[in-house]
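Colleague:
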Amino acid sequence: MEVMLTSLLIGATLLGKVTNIAMVAIGLGLVIFFHELGHFAVAKWCDVKVERFSIGFGPIIKSFKHGETEYALSWIPFGGYVKMLGQDDVDPSQLTSEEIALDPRSYSAKPVYQRMGIISAGVIMNIITGMLFFAFAFRLGVASTPCVVGAAIPGMPAWEAGIQPGDVITKINGEKTNSFMDIIRSSAFSDGDIKMEGIHPNGEKFEVDITPDRTGTRPQIGLLQSQSLQIPVYEDPGMSVTAKGTAASKAEPAYQPGDTFVTIDGKPVENYAQLQRLFAARSSETLKTGVTRKGASESEVVEITVGNNPFHTLGLWMDIGPIESIQKGSPADRAGLKAGDKITHIDGQDVGKVINPLRLPNYFSSRAGETVPIVVSRAQDGAQPAEVNLNVVPLDNPAWLEHPIFSNTPLSVGSLGIAFHVIPTTLKVEEGSPAHKAGIEADAHIKKIRIMPPEGEPLSEWQGLEEVSYEFDDKNMNWANAFWEMQVRPGWPVELTYSHKGQIKQAKLTPWVNPNQEEGQQWSLPVRGIKLQTLRETQQAQSMGQALGMGVRYTTNSAKDIYLTLRSLFTGRVSPLELSGPVTIAKVAYEVSNDGYSQLLLFLGFLSVNLAVLNFLPIPVLDGGHMVFLCWEGITRKRPNEQVLAAATYVGMIFVLGLMIFVLYLDIFL
């Protein structure tokens, strides 16, 4: 019986380090070996003549014969096969050959129930080995990401429901959560609303119903996992733990790998949500951060002084778009604001000409607890928009705590609970700014922005940052996102393509930090440029019995996830663009091989279960296809027609090869 692991093994061969290649190759080899061993063992038990047991396809590298069976290692590491007398996927006519069926030791001569046993043995073996891989992983201890929210993406369902950074999700649809993957899984496979229960950072319990967003390639609710308080220790000593050009890169003394935050200005910091809130609330201040350092005594705290990160701007004030979404129960919701409203005036001042829309998060944050009059333009059915006067009382939430890090993410005003797009049409150009010097005027429409690396500076110094560009139209209003990308790349030159009075123009300019701001009043980012590890916790079984129980549960959940993924692909709930091929698998395998034996075992367990489920799909060539024909034979008491069997087999081969080409295309070009 053949098993195809083309994408998996191609991915393994792309790894860069010999040790990692060996670990992953051996692991994948075991997955294939155990699958084929299942077919082989049951075939022998049923007294079927096994002609060859091969790991790999194609020309044989090395082989030896023991008894009647040739054991081979072949050149093409795309899977493996067990060749039995009377069964050959390349030559399906053997299954219907009367001459071969006369041999009592041929596969085709055996009763249907024995052939079913032989066919299903590979899948059963993969389920068993997958469970054992999981069990051994949990016995060693598996690092997982807890259900702690790092951020809610503005405008997405979880954000609208009021989920906050630092929230702990305890139950989803009544079931206890074990890791952050439960959130992703429940969102992707939901048929309707998701009921979430959890605890806010202040200890208050909450329960919300969330309808996943289905406009992307898969349903999602827009939650990001939390980071920890620890700076990572990179395998590559050349990797910096701070972003170039940021306040953290100039801190005294320097931050070091493994440092863990414990205080800010002498006050204890307990979690990442508290840390990011403090950084955002005191964005313009110089802070003394206390860290514990690897190698130092447990009681020793190293104080590091870190300054503020000022925003880099072009001097352009853009138009404000209508409100995209409003958080339930927020000040905006209570004041009567509605999605679609456009804020035109605040405190009697024009938004766009007197107040920069990008600074609205700061404006409302500074007015926390006060009554702020606003004017909105509200659309009316069949009539001109109406001017509506409202009063809002902002909460004490820091500005820019939620970053527009994704394309088309609206800008959030956390103290009000609203999110809006910034329209790339200039309403004002600051005197003396880069845009003013480049000759850009009010009423210019930005068509495209390119953020380019500085000349003469190798990209390696920026550690993974590359040139980015955005085009703007009625559907792509990415200005807030593009503006944030400029902050991630401080000092990078920008090229704008814009139209003004019917003419298309281009301008190249370098963002500045406005020197006209008063000391201590700089408009500053809510972050300092410090890299932090993802928050992890270890799940470890205290006994082998407990590990086996955890392995069984994990196997069941993995099989269920694969089934739900296939169902969602079939129904269109999940796009085929979510599929992964050999390049993605190579990246995952590389990361897994760096994370230790338990993560590698977990990865191999998932591959085993994945192989079991996929290989049992009713597709000719795969084990599931063979089982369909055996069921037909068992019901009708007749063997399948040779022509039908051959045609179905070749169609199955074409489908599998086509799928392999498709996922390879996704990896390379998308």
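First residue of the sequence shown? That's 1 in UniProt numbering, and the numbers climb one at a time after it. From the three backbone atoms N, C-alpha and C, an ideal C-beta is built for every residue, glycine too.
Could you tell me which of Val388, Pro373, Asn362, Ser366 sits nearest to glycine 340, measuring between CA atoms?
Modeller: Along the sequence shown, one-based indexing puts residue 340 at 340. Selected option, being the one with the closest Cα: Val388.
Colleague: Out of Asn126, Gln349, Gln522, Gly382, which one is the CA nearest neighbour of leucine 604?
Modeller: In the sequence shown, counting from the first residue as 1, residue 604 sits at position 604. Per the Cα distances, Asn126.
Colleague: Grab me the residues of glutamate 495's own chain with a C-beta within less than 6 Å of its C-beta, minus the 5 sequence neighbours each way, in chain order.
Modeller: Working through the sequence shown from its first residue, we reach residue 495 at position 495. For glutamate 495, where only same-chain residues beyond five positions count, the Cβ hits under 6 Å are Arg450, Lys508.
Colleague: According to the Cβ coordinates, are phenylalanine 138 and alanine 541 closer than 8 Å?
Modeller: Counting from one through the sequence shown, the residue named residue 138 turns up at place 138. Counting from one through the sequence shown, the residue named residue 541 turns up at place 541. Yes. Within cutoff.
Colleague: I'd like the span of the beta strand (DSSP E) that includes histidine 626, first residue to last.
Modeller: The residue given as residue 626 occupies position 626 in the sequence shown. Histidine 626 -> not in any beta strand (DSSP E); alpha helix (DSSP H) instead, spanning 623 to 636.
Colleague: When DSSP labels each residue in this structure, what does isoleucine 654 get in the three-state scheme?
Modeller: Position 654 of the sequence shown, counting from 1, holds the residue named residue 654. Three-state DSSP puts isoleucine 654 in a helix.
Colleague: For leucine 8, which three-state DSSP category applies?
Modeller: Position 8 of the sequence shown, counted from the start, is the residue given in the question as residue 8. Low local confidence applies: a pLDDT of 35 at leucine 8 is under 50, so the model's placement there is unreliable, with the coordinate-based value given in what follows. Here leucine 8 sits in helix by DSSP.
Colleague: Where does aspartate 350 land, buried or exposed, given buried means 16+ other C-beta within 10 angstroms?
Modeller: On the sequence shown, position 350 is the one that residue 350 refers to. Burial call: exposed.
Colleague: In chain order, what residues of the same chain lie with their CB nearer than 6 Å to the CB of proline 490, ignoring the 5 residues before and after it?
Modeller: Within the sequence shown, residue 490 is the residue found at index 490, counting from 1. Result list for proline 490: Gly245, His312, in chain order.
Colleague: Taking C-alpha atoms, which residue in Met196, Gly141, Ser460 lies nearest to alanine 243?
Modeller: Looking up residue 243 in the sequence shown gives position 243. If we check each option's Cα against that of alanine 243, Ser460 comes out closest.
Colleague: Which one of Asp561, Asp319, Thr510, Gly258 has the shortest CA to CA distance from lysine 344?
Modeller: Numbered from its first residue, the sequence shown carries residue 344 at position 344. Lysine is not the amino acid found at residue 344; the sequence shown has threonine there. The shortest Cα separation from threonine 344 among Asp561, Asp319, Thr510, Gly258 belongs to Asp319.
Colleague: Could you tell me the alpha carbon to alpha carbon distance between phenylalanine 655 and leucine 622, rounded to whole angstroms?
Modeller: Here residue 655 corresponds to residue number 655 of the sequence shown, with the count starting at 1. Here residue 622 corresponds to residue number 622 of the sequence shown, with the count starting at 1. Distance between the alpha carbons of phenylalanine 655 and leucine 622: 11 Å.
Colleague: From this set, Trp462, Glu324, Ala247, which residue's C-alpha is nearest glycine 417's C-alpha?
Modeller: Residue 417 sits at position 417 when you count from the first residue of the sequence shown. It is Glu324 whose Cα lies nearest to the Cα of glycine 417.
Colleague: Around the Cβ of histidine 66, are there at least 16 other Cβ atoms within 10 angstroms (buried) or fewer (exposed)?
Modeller: By 1-based counting over the sequence shown, the position of residue 66 is 66. Flag for histidine 66 reads exposed.
Colleague: Between glycine 122 and alanine 612, what straight-line distance do the alpha-carbon atoms span, to the nearest angstrom?
Modeller: As a first step, residue 122 is located in the sequence shown; it is residue number 122 there, counting from the start. As a first step, residue 612 is located in the sequence shown; it is residue number 612 there, counting from the start. Their backbone Cα atoms lie some 8 Å apart in a straight line.
Colleague: Distance check for lysine 353 and alanine 368, CA to CA, integer angstroms please.
Modeller: The residue given as residue 368 occupies position 368 in the sequence shown. The residue given as residue 353 occupies position 353 in the sequence shown. About 23 Å.
Colleague: Give the single residue among Asp209, Phe189, Lys267 whose Cα lies nearest to the Cα of glutamate 197.
Modeller: Here residue 197 is taken as the residue at index 197 of the sequence shown, counted from 1. The shortest Cα separation from glutamate 197 among Asp209, Phe189, Lys267 belongs to Asp209.
Colleague: Is it the case that the stretch 113 to 121 contacts the stretch 133 to 147, given that we only count it when at least three CB pairs across the two stretches are under 8 Å?
Modeller: Because the criterion of three Cβ pairs below 8 Å is not met, the stretch 133 to 147 and the stretch 113 to 121 do not touch.
Colleague: Measuring CA to CA, which of Trp523, Tyr470, Trp484, Ser407 is closest to tyrosine 498?
Modeller: The residue given as residue 498 occupies position 498 in the sequence shown. Of the candidates Trp523, Tyr470, Trp484, Ser407, the one whose C-alpha sits nearest the C-alpha of tyrosine 498 is Tyr470.
Colleague: Under 8 Å, do leucine 579 and serine 228 count as touching if we go by C-beta distance?
Modeller: Counting from one through the sequence shown, the residue named residue 579 turns up at place 579. Counting from one through the sequence shown, the residue named residue 228 turns up at place 228. Result no, Cβ atoms of leucine 579 and serine 228 do not sit closer than 8 Å.
Colleague: Can you confirm whether the stretch 160 to 168 touches the stretch 201 to 220 when touching is taken to mean that 3 or more C-beta pairs between the two stretches lie within less than 8 Å?
Modeller: The answer is yes - the stretch 160 to 168 touches the stretch 201 to 220, with three or more Cβ pairs under 8 Å.
Colleague: Report yes if the CB atom of alanine 161 is closer than 8 Å to the CB atom of lysine 328, and no otherwise.
Modeller: Here the question's residue 161 lines up with position 161 in the sequence shown. Here the question's residue 328 lines up with position 328 in the sequence shown. A contact, by the Cβ cut-off of 8 Å.
Colleague: Identify the continuous beta strand (DSSP E) that holds methionine 196 and give its terminal residues.
Modeller: The count along the sequence shown starts at 1 and reaches residue 196 at position 196. Where methionine 196 is concerned, the enclosing beta strand (DSSP E) stretches over 194 to 199.
Colleague: Alpha carbon to alpha carbon, what distance is there between leucine 525 and glycine 11?
Modeller: In the sequence shown, counting from the first residue as 1, residue 11 sits at position 11. In the sequence shown, counting from the first residue as 1, residue 525 sits at position 525. For glycine 11, the predicted structure reports a pLDDT of 34, less than 50, and the residue's modelled location is therefore unreliable. The matter cannot be settled from this model.
Colleague: Could you spell out where the alpha helix (DSSP H) holding histidine 403 opens and where it closes?
Modeller: Here residue 403 corresponds to residue number 403 of the sequence shown, with the count starting at 1. Per DSSP, histidine 403 belongs to no alpha helix (DSSP H) and is neither H nor E.
Colleague: When DSSP builds the beta bridges, which residues end up paired with serine 524?
Modeller: What you label residue 524 is simply residue 524 of the sequence shown in a count that begins at 1. In the DSSP output, where bridge partners are listed per residue, serine 524 has Pro310.
Colleague: Check whether the stretch 410 to 428 touches the stretch 464 to 480, counting contact only when three or more Cβ pairs, one atom from each stretch, lie closer than 8 Å.
Modeller: Output reads yes: the stretch 464 to 480 touches the stretch 410 to 428.
Colleague: Mark lysine 294 as exposed unless 16 or more other C-beta atoms lie within 10 angstroms of its C-beta, in which case mark it buried.
Modeller: In the sequence shown, the residue the question calls residue 294 occupies position 294. Exposed, since its Cβ has fewer than 16 Cβ neighbours within 10 Å.
Colleague: Using the Cβ count rule (16 or more neighbours within 10 Å means buried), how would you classify cysteine 631?
Modeller: In the sequence shown, residue 631 corresponds to position 631, counting from 1. It is exposed - the Cβ of cysteine 631 has fewer than 16 other Cβ atoms within 10 Å.
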